[in-house]
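In terms of the working numbering, the sequence shown opens at residue 5 and continues consecutively.
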Amino acid sequence: MEQYIIKGGNPLVGEVEIGGAKNAALAILAAAVMTDETVLIDNLPDVNDINVMLDAISGIGATVKRVDCHTVKINGSTIGGLNIDYDFIKKIRASYYLLGALLGKYKRAEVALPGGCNIGSRPIDQHLKGFRALGAEIEIKNGKIVAEADVLRGTHLYFDVVSVGATINVMMSAAMADGLTVMENVAKEPHVVDVANFLNSMGANIRGAGTDVIRIRGVKSLRKSEYSIIPDQIEAGTFMFAAAATKGDVTVLNVIPKHLDSTISKLIDIGCEVEEFDDAVRVVSKGKLKCTQVKTLPYPGYPTDMQPQIGVALALAGGTSTITESIFENRLKYLSELARMGANVKIDRSFATIEGVRKFSGARVSAPDLRAGAALVIAGLAAEGITIVDDIVYIQRGYENFEGKLRSLGGVIERVVDAKEIQKFKLKVG
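What follows is the structure, encoded as structure tokens:
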């Protein structure tokens, strides 16, 4: 099992290029099968989740051609099956986007009930509510969601809770329904907008993505497109907080600064200097970080996917900080691992109190999920001594060449597979 081994204490300094947004790419890959013409998608992140999604798409018979590690061509005309196997769903929850895509195109789909990161309950009731509102019959049978309709008809739909997944999934089906669909209380995240823009590039008629109300006029068919994925705001934010925690000076390149507003606001709150450019953001961390309060909220609020990263910075800040996790109830588990490195934390379900400490000390910790794993790597980079992070398969799901990018900024980190390589690293770094 692979691990990261880190020697902390070096400020991260330099420039790092941000890849395409994983969360946008997963949904866009699913939507690409909705036309029988060839779609070209570029700026894909080269991460495990993307590879699993492409395997799932190949598994139903679509033609998938990797042009290079960041570009793919997909043709959905060869699809022969509408059944997404559990082997894919258990690896990445986002495989469920194929439910909305296939239901929209073929009026039938079978997808295993989803798995994914262990960050808490993520019910799909709002997805099913939307599909039923469009006229689909839904059954849960043999561990699968079976959705079927003679015809999908436009509808007026109000989501009970704001859900990114449900917004995207129902939007895909509605894009090929008869008539007008109006969806209210929808998610406004940048990747929702990106999926809508992609569908529109294929001939869909979607308006209002990024606002509270999305209006979709269904079309009979979709056409070929060439499309580039937006930059990953979570990868960018991860490197920005890595700069904060290590007293560094990092410029993230290939970003949309507007997507980073809430992250930038919190970095300024804790005492960092932030400079924005057209497609880059620079973060400089000098002196002692300051405490603050954080509550995760749907976009444009502070993102749950950035909560562990700020948690690491706050554990090194002066004074008492609090974190309220309002999206996923299990997302504070990483703080128990951070305590092994000397953090002073108290956790009460979805609320944490963090008393800042002067320094972390290296320890062996385990990544409980994707974003928490990245946060523990940041902690290791900021700590004195050697840190080993186990279960890095989570991290590899969402960060391309994570250790390579960190090394380019001066981080001392390697991926290792056994005790011999760990010992070799320790001898090398002294």
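Built from N, CA and C at the ideal position, the CB exists for glycine as well.
Residue from the options whose Cα sits closest to the Cα of residue i
i	options	result
Asp-50	Leu-30, Met-187, Val-223 and Thr-391	Leu-30
Asn-14	Val-397, Ile-396 and Ala-383	Ala-383
Glu-143	Arg-112, Tyr-403 and Met-57	Arg-112
Leu-4	Leu-138, Ala-367 and Ile-32	One cannot answer for residue 4 here, as it falls past the ends of the chain, which runs 5 to 434.
Thr-326	Cys-295, Ser-412, Ala-208 and Gly-291	Cys-295
Ala-1	Val-174, Val-381 and Lys-430	No answer is possible for residue 1: the residues shown for the chain start at 5 and end at 434.
Ile-210	Glu-230, Met-180, Gly-12 and Ile-233	Met-180
Ile-314	Ala-371, Glu-277 and Ala-376	Ala-376
Gly-63	Ser-354, Gly-402 and Ile-93	Ile-93
Val-420	Met-244, Ile-358, Asp-395 and Ile-32	Asp-395
Lys-26	Val-37, Met-5 and Leu-48	Leu-48
Ile-54	Ser-205, Arg-97, Asp-89 and Ile-220	Arg-97
Ala-170	His-131, Val-217, Lys-77 and Gly-12	His-131
Ser-81	Asp-91, Ala-347, Asp-283 and Lys-109	Lys-109
Leu-107	Tyr-403, Phe-135 and Ile-128	Phe-135
Phe-355	Gln-311, Ile-234, Lys-409 and Met-187	Gln-311
Ile-32	Asp-154, Gln-7, Leu-58 and Gly-12	Leu-58
Leu-410	Ile-426, Met-5, Ala-246 and Val-223	Ala-246
Tyr-231	Ala-153, Asn-204 and Ser-330	Asn-204
Val-165	Ile-128, Val-155, Ala-321 and Gly-322	Ile-128
Phe-404	Leu-16, Asn-52 and Val-17	Looking at the sequence shown, residue 404 is not Phe but Glu. Nearest of Leu-16, Asn-52 and Val-17 to Glu-404, Cα basis: Asn-52.
Gly-222	Lys-133, Gln-7, Gly-207 and Ile-233	Gly-207
Phe-243	Leu-156, Ser-412 and Val-150	Ser-412
Asn-201	Gly-402, Arg-70 and Ile-234	Ile-234
Gln-7	Ile-426, Ser-340 and Ala-347	Ile-426
Asp-67	Cys-73, Ala-347 and Asn-79	It should be noted that the sequence gives Thr, not Asp, for residue 67. Nearest option by C-alpha distance: Asn-79.
Asp-182	Phe-163, Arg-353, Val-199 and Leu-156	Leu-156
Val-416	Cys-73, Phe-163 and Val-433	Val-433
Proximal residues to residue i (C-beta, below 7 Å), its chain only, five neighbours per side dropped
i	result
Thr-215	Lys-192
Gln-297	Ser-325 and Thr-326
Glu-418	Ile-9, Glu-407 and Phe-429
Ala-1	Any answer about residue 1 is impossible in this case: the structure gives the chain only from 5 up to 434.
Lys-299	Tyr-306, Thr-328 and Ser-330
Val-71	Lys-77
Leu-264	Gln-237, Ala-240, Gly-241 and Val-285
Rounded distance between the beta-carbons of residue j and residue i, thought under 8 Å
i	j	result
Leu-342	Val-316	7 Å
Pro-194	Gln-237	6 Å
Gly-275	Gly-291	7 Å
Met-176	Ala-35	6 Å
Ile-390	Gly-366	4 Å
Val-435	Ala-105	A query on residue 435 cannot be resolved here, the shown segment of the chain reaching from 5 to 434 and no further.
Glu-239	Pro-261	Their Cβ separation, rounded to whole angstroms, is 14 Å, which puts Glu-239 and Pro-261 out of contact at 8 Å.
Leu-385	Gly-12	5 Å
Met-345	Ala-379	Their Cβ separation, rounded to whole angstroms, is 11 Å, which puts Met-345 and Ala-379 out of contact at 8 Å.
Ile-220	Ala-178	4 Å
Exposure of residue i, with buried meaning 16 or more beta-carbon neighbours within 10 Å
i	result
Gly-305	exposed
Ser-229	buried
Leu-431	exposed
Ala-319	buried
Val-197	buried
Asn-173	buried
Asp-309	buried
Lys-95	buried
Tyr-338	buried
Ala-423	exposed
Met-5	exposed
Close-in-space but distant-in-sequence residues of the same chain around residue i (CB under 6 Å, 5 per side omitted)
i	result
Asn-87	Glu-114
Ile-123	Reliability of the predicted coordinates at Ile-123 is poor, the pLDDT of 49 falling under 50, and the value obtained from them is presented with this limitation in mind. Excluding sequence neighbours, Ile-123 sits near Phe-332, Asn-334, Arg-335 and Asp-373.
Arg-368	Ile-392
Tyr-398	Ala-371, Asp-373, Leu-374 and Gly-377
Ala-84	Per the sequence presented here, residue 84 reads as Gly, with Ala not at that position. So the list reads Gly-65, once near-sequence residues are dropped.
Thr-75	Asp-46
Ile-218	Met-187, Val-190 and Gly-212
Glu-141	Glu-152
Ile-272	Val-278
Gly-241	Thr-267 and Met-310
His-160	Val-186
Ile-358	Leu-318, Ala-319, Ser-325 and Val-349
Leu-226	Met-38, Thr-39, Met-206 and Gly-207
Gly-402	Lys-26, Val-51 and Leu-374
Contacts around residue i, its chain only, beta-carbon distance under 8 Å, and the 5 residues preceding and following it disregarded
i	result
Ser-167	Gln-130, His-131 and Ala-191
Gly-322	Lys-292, Leu-293, Lys-294, Cys-295 and Gly-360
Lys-224	Met-180
Val-17	Gly-252, Asp-253, Val-254, Leu-413 and Gly-414
Item to complete: Determine contact between the segment 13 to 25 and the segment 256 to 266, defined as no fewer than three beta-carbon pairs at a distance below 8 Å.
Response: Flag = yes, the segment 13 to 25 and the segment 256 to 266 touch.
Fill in: Cβ contact (3+ pairs, closer than 8 Å) linking the segment 134 to 152 and the segment 99 to 117
In the pairwise beta carbon analysis, the segment 134 to 152 is classified as touching the segment 99 to 117: at least three pairs are separated by under 8 Å.
Worksheet item: Do the segment 35 to 46 and the segment 346 to 365 meet, that is, are 3 or more Cβ pairs less than 8 Å apart?
Response: By the C-beta criterion, the segment 35 to 46 is judged not to be in contact with the segment 346 to 365, since fewer than 3 inter-stretch pairs fall below 8 Å.
Worksheet item: Touching or not, the segment 282 to 289 and the segment 260 to 274, by the rule of three or more beta carbon pairs under 8 Å?
Response: Counting Cβ pairs under 8 Å, three or more are found: they touch.
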